[in-house]
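Residue numbering for the sequence shown follows the working numbering, starting at 3 and increasing by one per position.
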Amino acid sequence: MHTESFIAELQSIVGPNHVLISADDKAPFLTDWRKRFTGKAIAVVMPASTEEVAAIVKCCIAARVPIVTQGGNTGFCGGATPYPSGHEIVLSLKRMNRIRSTDIANQTMTVEAGCILQSIQVAAVETGHLFPLSLGAEGSCMIGGNLATNAGGTNVLRYGNARDLCLGLEVVTAQGEIWHGLKGLRKDNTGYDLRDLFIGSEGTLGIITAAVLKLYPLPLSQWTTLVATNDIPSAIALLGLFQKRAASLLTGFEMMTQESLDLCASHFPQMANPLSNKPPYTILIELSDHESEEHVRLLLEQILETALEDSLVSDAIIASNLSQAQAFWQMREHITLAQAQEGANLKHDITLPLSSLDQFMQSTDALMRSAYPGIRIINFGHLGDGNLHYNIAPPKGVDPHAFNQAEETAIHELVYAQVEQYGGSISAEHGVGQLKLGGLRAHRGAVAHDMMKAIKRALDPDNILNPNKVVSI
Ligand SMILES: Cc1cc2nc3c(=O)[nH]c(=O)nc-3n(C[C@H](O)[C@H](O)[C@H](O)COP(=O)(O)OP(=O)(O)OC[C@H]3O[C@@H](n4cnc5c(N)ncnc54)[C@H](O)[C@@H]3O)c2cc1C
Numbered sequence: 003m004h005t006e007s008f009i010a011e012l013q014s015i016v017g018p019n020h021v022l023i024s025a026d027d028k029a030p031f032l033t034d035w036r037k038r039f040t041g042k043a044i045a046v047v048m049p050a051s052t053e054e055v056a057a058i059v060k061c062c063i064a065a066r067v068p069i070v071t072q073g074g075n076t077g078f079c080g081g082a083t084p085y086p087s088g089h090e091i092v093l094s095l096k097r098m099n100r101i102r103s104t105d106i107a108n109q110t111m112t113v114e115a116g117c118i119l120q121s122i123q124v125a126a127v128e129t130g131h132l133f134p135l136s137l138g139a140e141g142s143c144m145i146g147g148n149l150a151t152n153a154g155g156t157n158v159l160r161y162g163n164a165r166d167l168c169l170g171l172e173v174v175t176a177q178g179e180i181w182h183g184l185k186g187l188r189k190d191n192t193g194y195d196l197r198d199l200f201i202g203s204e205g206t207l208g209i210i211t212a213a214v215l216k217l218y219p220l221p222l223s224q225w226t227t228l229v230a231t232n233d234i235p236s237a238i239a240l241l242g243l244f245q246k247r248a249a250s251l252l253t254g255f256e257m258m259t260q261e262s263l264d265l266c267a268s269h270f271p272q273m274a275n276p277l278s279n280k281p282p283y284t285i286l287i288e289l290s291d292h293e294s295e296e297h298v299r300l301l302l303e304q305i306l307e308t309a310l311e312d313s314l315v316s317d318a319i320i321a322s323n324l325s326q327a328q329a330f331w332q333m334r335e336h337i338t339l340a341q342a343q344e345g346a347n348l349k350h351d352i353t354l355p356l357s358s359l360d361q362f363m364q365s366t367d368a369l370m371r372s373a374y375p376g377i378r379i380i381n382f383g384h385l386g387d388g389n390l391h392y393n394i395a396p397p398k399g400v401d402p403h404a405f406n407q408a409e410e411t412a413i414h415e416l417v418y419a420q421v422e423q424y425g426g427s428i429s430a431e432h433g434v435g436q437l438k439l440g441g442l443r444a445h446r447g448a449v450a451h452d453m454m455k456a457i458k459r460a461l462d463p464d465n466i467l468n469p470n471k472v473v474s475i
């Protein structure tokens, strides 16, 4: 491959201004959000249309240059970061940010992959609808990235993952063909579900260029409460109580340990827990109602009354206005930001059956604390989905880079062995990328892993799309 003529060809497809080749211009695209992975790339290419994406793929096949597709670059697994070899290009979809159409009768919106998640939420509200995908990075992550990672977030309990919110896709294949799968159908049993194959494939099977998204009626009223619980069994019983009494009105159920909120408050003092006496577990609960403000407030108060009588909770604060509700959510979301400010921490984005959660936490905490005295376990997550962010930080005051490679590996192995023992998953919502590539075969088992490799070989025989992410062939 002759680099200069390859770059000239890319420039002829997207225009010279949209092929970044200087080190300074490329730099923001070459390191991931957590600053854990840094790579190199021949160029960062920014197409403006699906046809341009298809032409770029054909150009890359001819030159044998692999493509790392990138959305908002907020992923946690290094999936959007090229490898240090410098033989790849980064394909940024940030210019493909049009909302193509809204179909009110069908309750769908068709958007391009580079739309920022928040801009889709806002556009949905403008039509009187809700697009329920919601996560801490929503101001910068893009819908293509959300679908490529099958993102979760805080509303999964009620509305499902990104996969559940998507009815159709437009995809550029590894051959540079365009698959027009943008039908907004809620039923379509015409053979293998290609849409579901691309969702969650992290840019390894195709490049998502547009999607049909499901819209929902906008709730009339939302009420948020923070409650204190002493232990995980109480928190799970509380979840059951809310599911029984509030049913589909329950839209959020987030758990934060005292240690995670202490860390948050140490970096963001304005985000201190308003509940007194630092409860071991603080639960953030949200109800959304389509009937009336009065109806949902009353329901919330009644459920909390039962929870207090049954000693499931020891304290509760109901947000009295929108800004207090937002402050509760910000406290939850700032835990991740506090971790980023604190420096290196070892993340484990895991799910477990709710029935095993308590045993998992008790035994893993005990193993961890005895192996690494003083270690901080920053544990929080989407409890309603059984999803924990079981993160490990060195003891307070110790250099945040204190973990050496051997310790890092041992800590991951300890957590993942526990996850296996309790029937969980080593990636709940963040994906695999390069971070968990090595552990996937052991976790999924040889049969599943071989099927994944066969799919990758069939759809991308030249291994041109994000090679050595998720699976290596
Ligand atoms: C503060 C914070 C909070 C977060 N909270 C959550 C959370 O609650 N739940 C959750 O699930 N995640 C969360 N994340 C992780 C992250 O935001 C999500 O994984 C998000 O979906 C990634 O979107 P992105 O556009 O940034 O994708 P990127 O990071 O750019 O890419 C992620 C992967 O998708 C691929 N990709 C990107 N765009 C496309 C495309 N158009 N076609 C094909 N492949 C593509 C990339 O190659 C890469 O493998 C959080 C991140 C941050 C920083």
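Even glycine gets a Cβ: it sits at the ideal position worked out from N, Cα and C.
Integer-rounded CB distance, given that residue j should sit under 8 Å from residue i
i           : j           : result
residue 227 : residue 318 : 6 Å
residue 435 : residue 77  : 6 Å
residue 457 : residue 176 : Actually they are not in contact, since the Cβ atoms of residue 457 and residue 176 sit about 12 Å apart, beyond 8 Å.
residue 395 : residue 380 : 6 Å
residue 470 : residue 439 : 7 Å
residue 171 : residue 210 : 6 Å
residue 462 : residue 206 : 7 Å
residue 143 : residue 73  : 6 Å
7 Å Cβ cutoff met for residue i and residue j
i           : j           : result
residue 342 : residue 265 : no
residue 329 : residue 285 : no
residue 97  : residue 43  : no
residue 215 : residue 133 : yes
residue 258 : residue 382 : yes
residue 58  : residue 47  : yes
residue 131 : residue 220 : yes
residue 112 : residue 100 : no
residue 360 : residue 180 : no
Assigned exposure category for residue i - 16 Cβ within 10 Å defines buried
i           : result
residue 254 : buried
residue 4   : exposed
residue 26  : exposed
residue 450 : exposed
residue 10  : exposed
residue 283 : buried
residue 437 : buried
residue 426 : buried
residue 141 : exposed
residue 192 : exposed
residue 160 : buried
residue 54  : buried
residue 148 : buried
residue 75  : buried
residue 386 : buried
residue 64  : exposed
residue 281 : buried
residue 187 : exposed
residue 231 : buried
residue 203 : buried
residue 14  : exposed
residue 398 : exposed
Between the CA atoms of residue j and residue i - distance to the nearest angstrom
i           : j           : result
residue 407 : residue 169 : 43 Å
residue 182 : residue 152 : 20 Å
residue 454 : residue 419 : 22 Å
residue 126 : residue 366 : 42 Å
residue 229 : residue 279 : 12 Å
residue 338 : residue 34  : 15 Å
residue 166 : residue 115 : 17 Å
residue 8   : residue 189 : 43 Å
residue 296 : residue 302 : 10 Å
residue 243 : residue 315 : 12 Å
residue 444 : residue 128 : 47 Å
residue 120 : residue 372 : 43 Å
residue 31  : residue 239 : 44 Å
residue 310 : residue 108 : 43 Å
residue 474 : residue 442 : 10 Å
residue 195 : residue 139 : 29 Å
residue 363 : residue 468 : 35 Å
residue 346 : residue 459 : 36 Å
residue 370 : residue 416 : 8 Å
residue 178 : residue 448 : 31 Å
Near ligand 3: residue i beta-carbon under 6 Å from a heavy atom
i           : result
residue 176 : Questions concerning ligand 3 fall outside what the structure shown contains, since the ligands it does hold are ligand 1.
Residue-chain proximity (residue i, chain C), Cβ-Cβ < 7 Å
i           : result
residue 145 : Of the protein chains in this structure there is only one, and it is not chain C.
- Specify whether the stretch 38–48 and the stretch 72–83 touch according to this definition: at least 3 beta carbon pairs, one from each stretch, less than 8 Å apart. yes
- Do the stretch 290–304 and the stretch 241–257 touch if we need at least three Cβ pairs shorter than 8 Å? yes
- Task: May I ask you to verify whether the stretch 89–106 touches the stretch 61–72, counting CB pairs closer than 8 Å and requiring at least 3?
- Result: yes
- Examine the Cβ distances between the stretch 341–361 and the stretch 420–437 and report whether three or more of them are shorter than 8 Å. yes
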